[in-house]
Each structure stands twice: as C-alpha cells, then as structure tokens.
Amino acid sequence: MAIEVRVPTILRSYTGGQKVVEGAGATLSGLIDDLDAKHNGIKGRLITPEGGLHRFVNIYVNDEDVRFLGALDAKVADGDSVTILPAVAGGALGFAAAAALLGNSSNRPAAAPDPTEG
Amino acid sequence: MARYESLLDAAGGTPLVGLPRLSPTVPDGAPPVRLWAKLEDRNPTGSIKDRAALFMVREAEEAGRLRPGDTILEPTSGNTGISLAMVAKLRGYRLVCVMPENVSAERVQILRMYGAEILFSPAAGGSNQAVATAKQVAAEHPDWVMLFQYGNPANARAHYETTGPELLRDLPTITHFVAGLGTTGTLMGTGRYLREKVEGVEIIAAEPRYGELVYGLRNIDEGYVPELYDATVLNRRFSVGTRDAVLRTRQLVEVEGIFAGFSSGAILHAALAVAHEAVKAGRRADVAFVIADGGWKYLSTGAYGGTLSEAEDALEGQLWA
Numbered sequence: 000m001a002i003e004v005r006v007p008t009i010l011r012s013y014t015g016g017q018k019v020v021e022g023a024g025a026t027l028s029g030l031i032d033d034l035d036a037k038h039n040g041i042k043g044r045l046i047t048p049e050g051g052l053h054r055f056v057n058i059y060v061n062d063e064d065v066r067f068l069g070a071l072d073a074k075v076a077d078g079d080s081v082t083i084l085p086a087v088a089g090g091a092l093g094f095a096a097a098a099a100l101l102g103n104s105s106n107r108p109a110a111a112p113d114p115t116e117g
Numbered sequence: 000m001a002r003y004e005s006l007l008d009a010a011g012g013t014p015l016v017g018l019p020r021l022s023p024t025v026p027d028g029a030p031p032v033r034l035w036a037k038l039e040d041r042n043p044t045g046s047i048k049d050r051a052a053l054f055m056v057r058e059a060e061e062a063g064r065l066r067p068g069d070t071i072l073e074p075t076s077g078n079t080g081i082s083l084a085m086v087a088k089l090r091g092y093r094l095v096c097v098m099p100e101n102v103s104a105e106r107v108q109i110l111r112m113y114g115a116e117i118l119f120s121p122a123a124g125g126s127n128q129a130v131a132t133a134k135q136v137a138a139e140h141p142d143w144v145m146l147f148q149y150g151n152p153a154n155a156r157a158h159y160e161t162t163g164p165e166l167l168r169d170l171p172t173i174t175h176f177v178a179g180l181g182t183t184g185t186l187m188g189t190g191r192y193l194r195e196k197v198e199g200v201e202i203i204a205a206e207p208r209y210g211e212l213v214y215g216l217r218n219i220d221e222g223y224v225p226e227l228y229d230a231t232v233l234n235r236r237f238s239v240g241t242r243d244a245v246l247r248t249r250q251l252v253e254v255e256g257i258f259a260g261f262s263s264g265a266i267l268h269a270a271l272a273v274a275h276e277a278v279k280a281g282r283r284a285d286v287a288f289v290i291a292d293g294g295w296k297y298l299s300t301g302a303y304g305g306t307l308s309e310a311e312d313a314l315e316g317q318l319w320a
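From first to last, the protein sequence lines are chains A and B.
Sequential numbering of the first sequence, starting at 0, is according to numbering that gives the first Met the number 0.
Sequential numbering of the second sequence, starting at 0, is according to numbering that gives the first Met the number 0.
This is the structure we're talking about:
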C-alpha cells in the first residue's frame with residue numbers, strides 16, 4: 000500500500016493530468032521529495048525557496064491541516080490520504096472580488112479598509 | 000430576556016442545545032462526552048452573519064465612515080449579504096451586492112425582499128469576470144463604502160463580545176469549540192475569548208472542501224488567506240468534503256430534529272471527530288459547535304433527498320457553505 004495524494008487541477012500539469020497519484024515517505028517532507036522525483040517540479044510549487052510550505056497551499060493528511068500536525072515534519076504512513084488544495088477557504092469568488100474591490104493584494108496587513116482609498 | 004426594542008437588538012443570545020442522541024456513548028464509569036449545538040439560525044435573518052453585519056455597520060458609523068444615506072457595496076451572494084441587507088434597511092443605507100448571475104433564485108429573492116440592489120457579473124467568465132465587474136463598479140463609484148468582512152476586525156470582535164461570552168455563560172465546562180472557517184471571524188473572535196477564559200480549551204476549524212470547479216484558479220498565487228486569519232488561535236483544522244457534510248446535515252435533522260444548512264453538517268463532522276477521540280482517550284469533553292444557518296435556502300439543491308452520491312453531484316460546483 001502507498002500514500003494516496005490528491006492533486007488540484009492547477010498542479011496536474013506536473014502529474015500528466017492525473018488527479019490522484021501515489022507516493023511514499025515517513026514525513027510530509029519525505030513524501031514531497033518522493034513526489035518530486037516522479038513528477039519533476041511539483042516540489043517548487045508547494046515549498047518556498049526558504050523551505051516552508053507555500054502560503055497559498057494547504058495540505059491535509061486524512062482531512063487534517065498539516066500546519067497543525069508539524070507542517071513538513073507531519074508523520075505520514077501507507078494507507079494515508081493526502082490532499083493538496085490551493086488556499087481559497089470560504090469561496091474563491093467572494094474573496095477575489097472583495098480583494099479586487101479594495102484594490103489591494105492579498106498580502107496586505109490586517110486592517111479595516113479605509114473607504115477614502117476607494 | 001425575550002423583549003427587544005427592535006429587531007437589531009434581538010441579534011445574538013441564541014440557544015445552546017444538547018445533542019443526547021448524536022453524542023457518542025461512553026463506557027460505564029467513563030467521563031461524559033457531550034455535544035452542544037449553538038443555534039445561530041435563530042438570529043433575525045436566520046444566520047450567524049447577523050452578528051458580524053451589525054458590528055461592522057455600527058463600527059463604521061461610530062468611526063464616521065458610514066453616514067445616513069450612504070451606499071454599502073458587498074461582493075457576496077451569501078449570508079453576509081442577507082444580514083447586511085436587513086441591517087442596511089433598518090439603519091437607512093442602500094446596499095448593492097455584486098454576484099455572479101448563476102447564484103440560486105432564493106438568494107436573489109431574499110436579497111431583493113430586504114431591499115438590496117443586485118449587480119450581476121456574467122456566469123460564463125467565472126471568478127475572473129466577477130473580479131472584473133467588481134473592479135469596474137468600485138471605479139465608477141468611489142464613494143460607496145465596503146465593509147470587507149474578510150479583513151474587518153469588527154467581524155471577529157462581534158464574536159469576541161457576544162458569541163464567546165454566551166458560550167461560556169451557558170457551558171462553563173466547555174472543552175472544545177468547533178466552527179466553520181470562511182472569513183475566519185467566528186473562530187478568531189470566539190476562539191480568542193475562550194482561550195483567555197478557559198484553560199486548555201481547544202479551538203477547531205471545519206473548512207468546506209468544495210468540488211473542483213470552485214478551485215478554478217489559474218495558479219497558486221491567486222490564492223487567498225483572509226486578513227483576519229491568525230493560525231495561533233486554532234488547535235486543529237479539518238477539511239470536510241461534500242459527502243461528509245451532507246451525511247452529517249441529514250443526521251442532524253433525522254436524529255436530533257435540527258434542520259440546518261450544509262456548512263453546519265461539515266462542522267458537526269469535525270465535532271464528532273474530536274468527541275470520538277475524547278471517548279477513546281477516556282477524557283471528559285463538552286464540545287460546542289455552531290449551527291450556522293437553517294436548511295431553507297438550500298432546499299432547491301435537492302441535496303436533502305436521494306442517495307449521498309446524488310447529493311454530492313447536486314452540490315458539485317456550488318458554494319454550499
């Protein structure tokens with residue numbers, strides 16, 4: 000048995016269009032290295048040059064967010080199900096439209112909007 | 000208290016009800032593990048969003064950002080739009096909602112009933128088109144006020160000042176709080192309050208995992224994390240798929256008589272996971288979770304009947320939470 004990894008649409012160019020691929024490893028970090036060996040380049044889309052999980056990537060082991068399970072050190076094992084998703088939380092459409100209306104990038108600091116900025 | 004000066008004063012103060020049939024059974028002599036549902040569908044427009052809408056409008060009024068007769072612009076077809084429409088009507092503002100033209104007929108009817116105006120963006124263009132329409136509207140009307148629930152601290156403050164204290168008052172033995180993760184306002188506000196007051200309390204997020212279509216971004220950099228989100232407030236975060244959300248939503252009504260929307264089913268799914276873990280560990284647990292809204296607005300999806308697979312297909316591509 001292997002670890003089943005669900006790949007979002009936007010990363011399927013690395014998996015030859017496959018929605019579900021298999022991998023191996025004892026930690027998430029090891030699993031991602033294994034995936035990158037089979038699907039060259041996918042690691043660069045998940046992990047930043049500084050070595051952390053990409054801000055807009057969420058990874059779940061058996062439906063639980065790895066950032067609360069040790070992040071890249073999270074334990075994985077054969078039979079686990081790993082899901083990779085872009086961060087859009089409660090609906091991409093509302094967020095994207097709201098952010099666009101404010102004319103700000105998604106990275107701006109938390110603050111109440113100033114309506115005078117229009 | 001059951002008498003209020005106006006509908007706006009009646010927001011919050013929702014009942015917390017036990018779920019004796021859905022709570023897991025514990026072995027003889029083991030400490031109890033109980034589930035409690037906070038019925039947020041009992042708010043004036045039928046969802047938890049009334050709390051945030053009221054606080055955001057009040058805060059904007061006090062800060063002088065919103066004056067009588069102003070127009071509020073909100074790019075949502077969801078519960079926040081409905082809550083804002085009610086508050087705007089009673090406080091004397093005009094509300095304009097920007098939304099894709101393929102939202103459900105109920106949403107449009109409810110918003111119009113409350114007096115909101117709707118600007119549709121073409122469904123064919125997807126989120127890119129919605130963004131383009133929203134940008135255009137904002138550029139044409141620089142005087143319109145956006146409350147921006149994803150980054151407005153008054154959203155989280157509504158829950159810090161109301162939802163959190165209500166839970167502690169009604170359930171001083173609370174060990175876990177579980178709610179949906181969208182704008183993150185409910186979890187940030189309630190979570191911060193409970194962490195200050197209850198040692199060891201766990202704050203758990205249930206995040207809806209939609210069908211493929213909803214994640215139609217062109218690349219990872221188009222992702223979005225709400226400005227209000229602070230991961231240190233949470234202990235755990237579950238991703239709940241459509242099938243599990245539908246299954247739990249049906250159990251809520253079939254077993255406990257609570258007719259809720261699908262996001263509440265997703266939240267119950269996470270609440271049951273932590274409850275069963277507590278049983279395994281032999282720990283006492285009082286798990287409070289949120290019923291975010293009733294099921295009425297989702298009836299036309301057809302997802303309350305038929306098999307789970309049929310329900311899953313019916314909700315494919317929809318923002319069900």
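Just so it is clear, CB atoms sit at the ideal spot from N, CA and C, and this is done for glycine as well.
Given the structure is predicted, the values throughout are model-derived calculations rather than measurements.
Leaving aside the five residues before and after G90 of chain A along the sequence, list all residues of the same chain whose C-beta is less than 7 Å from its C-beta, in chain order.
Low per-residue confidence applies at G90 of chain A: pLDDT is 46, beneath 50, and the placement is therefore not dependable, though the value from the model is reported in the following sentence. If we look at G90 of chain A and ignore the five residues flanking it on each side, it has no Cβ neighbours.
Spatial neighbours of R247 of chain B within its chain, please: CB distance less than 6 Å, with the 5 preceding and 5 following residues excluded, ordered by chain position.
The residues are G264, L267, H268.
Taking the alpha helix (DSSP H) that M187 of chain B belongs to, which residues open and close that run?
It spans 184–196 - the alpha helix (DSSP H) in which M187 of chain B sits, taken as one unbroken run.
Report the three-state DSSP secondary structure of K37 of chain A (helix, strand or coil).
In the structure shown, K37 of chain A sits in a helix (DSSP, three-state: H, G or I).
Give a yes or no on whether the C-beta atoms belonging to I2 of chain A and A23 of chain A are separated by under 8 Å.
In contact: I2 of chain A and A23 of chain A (Cβ atoms closer than 8 Å).
Does any CB atom of chain A fall closer than 8 Å to the CB of G222 of chain B?
At least one chain A Cβ lies under 8 Å of G222 of chain B.
By how many angstroms is the C-alpha of I202 of chain B removed from the C-alpha of L30 of chain A?
C-alpha separation (whole angstroms): 28 Å.
Output the distance between the C-alpha atoms of R2 of chain B and T162 of chain B, rounded to the nearest integer angstrom.
Those two C-alpha atoms are separated by around 19 Å.
Output, in sequence order along the chain, the residues in the region 79–100 of chain B whose CB is closer than 9 Å to any CB in chain A.
For the region 79–100 of chain B, which is checked against every Cβ of chain A, the residues closer than 9 Å are T79, V97, M98, P99.
In chain A, which residues lie less than 7 Å from A230 of chain B when you measure between Cβ atoms?
What A230 of chain B touches in chain A: R66.
So is T183 of chain B buried or exposed if we call it buried at 16+ other beta carbons inside 10 Å?
T183 of chain B should be labelled buried.
Pairs of beta-carbons, one from the region 76–85 of chain A and one from the region 45–60 of chain A, closer than 8 Å: are there three or more?
With a cut-off of 8 Å, the region 45–60 of chain A and the region 76–85 of chain A count as touching, because enough Cβ pairs lie within range.
Less than 8 Å between the C-beta atoms of F119 of chain B and M145 of chain B, yes or no?
Against a cut-off of 8 Å, the Cβ pair of M145 of chain B and F119 of chain B comes out as no contact.
Taking the beta carbon of S12 of chain A as the centre, do at least 16 other beta carbons fall within 10 Å, making it buried, or is it exposed?
With fewer than 16 other Cβ atoms within 10 Å, it is exposed.
Which chain B residues are close to T14 of chain A, counting only those with a beta carbon under 9 Å from its beta carbon?
Residues of chain B passing the Cβ test: none, with the nearest at roughly 15 Å.
Is it true that the CB of S103 of chain B sits closer than 8 Å to the CB of E78 of chain B?
Before going further, note that residue 78 of chain B is Asn rather than Glu in the sequence given. No. Outside cutoff.
Quick one: which residues of the region 18–42 of chain B get their C-beta closer than 9 Å to a C-beta of chain A? List them in chain order.
Residues: none.
Restricting to Cα atoms, I'd like to know which of B:A313, B:K196, B:Y159 is closest to T172 of chain B.
It is B:K196 whose Cα lies nearest to the Cα of T172 of chain B.
Does T26 of chain A get closer than 8 Å to chain B when you measure Cβ to Cβ?
No - not a single Cβ of chain B is within 8 Å of the one on T26 of chain A.
Which ranges would you report for the alpha helix (DSSP H) in the region 41–106 of chain B if only whole runs of at least 4 residues count?
Within the region 41–106 of chain B, the complete alpha helix (DSSP H) runs of at least 4 residues are 48–61, 78–90.
How would you call H175 of chain B, buried or exposed, if buried means at least 16 neighbouring beta carbons within 10 angstroms?
H175 of chain B comes out buried.
Run down chain B in chain order and give the residues with a C-beta less than 8 Å from the C-beta of R54 of chain A.
Residues of chain B passing the Cβ test: G222, V224.
Using C-beta distances below 8 Å, list every residue in its chain close to E21 of chain A, excluding the 5 sequence neighbours before and after it, in chain order.
Result list for E21 of chain A: A1, I2, E3, V4, in chain order.
Report the rounded CA-to-CA distance for L65 of chain B versus E100 of chain B, giving the unit in angstroms.
Roughly 28 Å separates the two Cα atoms.
For chain A, is any of its Cβ atoms less than 8 Å away from the one on R208 of chain B?
Answer yes: the Cβ-Cβ gap between R208 of chain B and chain A drops below 8 Å somewhere.
Which residues in the same chain as Y149 of chain B place their Cβ atom closer than 7 Å to its Cβ, once the five residues preceding and following it in sequence are excluded?
T182, P225, E226, L227, listed in sequence order.
Note down, in chain order, each residue of its chain lying with its Cβ closer than 7 Å to the Cβ of P14 of chain B, except the 5 sequence neighbours on either side.
Only L38, R41 meet the Cβ criterion.
Figure out for me which residue from B:D169, B:A138, B:E58 has the closest Cα to the Cα of W35 of chain B.
Minimum Cα distance to W35 of chain B is reached at B:D169.
Across which residues does DSSP place W35 of chain B in a beta bridge pair?
According to DSSP, W35 of chain B bridges with B:G17, B:A287.
Based on the DSSP secondary-structure assignment, which residues constitute the bridge partners of K74 of chain A?
Answer is A:T26.
Where do the N-terminal and C-terminal ends of the beta strand (DSSP E) with G240 of chain B fall, by residue?
Unbroken beta strand (DSSP E) run through G240 of chain B: 235–240.
Helix, strand or coil for A115 of chain B? Go by DSSP, reduced to three states.
Of the three classes helix, strand and coil, the one that applies to A115 of chain B here is coil, per DSSP.
Work out the CA separation of G40 of chain A and T14 of chain A for me, nearest whole Å.
Whole-angstrom Cα-Cα distance: 10 Å.
Tell me the rounded alpha-carbon separation between G199 of chain B and Q17 of chain A.
Going by the C-alpha atoms only, they are around 43 Å apart.
Which residues in chain A sit within 9 Å of F237 of chain B, going by Cβ to Cβ distance?
Result: Y59, D62, E63, D64.
In chain A, which residues lie less than 8 Å from L233 of chain B when you measure between Cβ atoms?
Within 8 Å Cβ-Cβ: F67.
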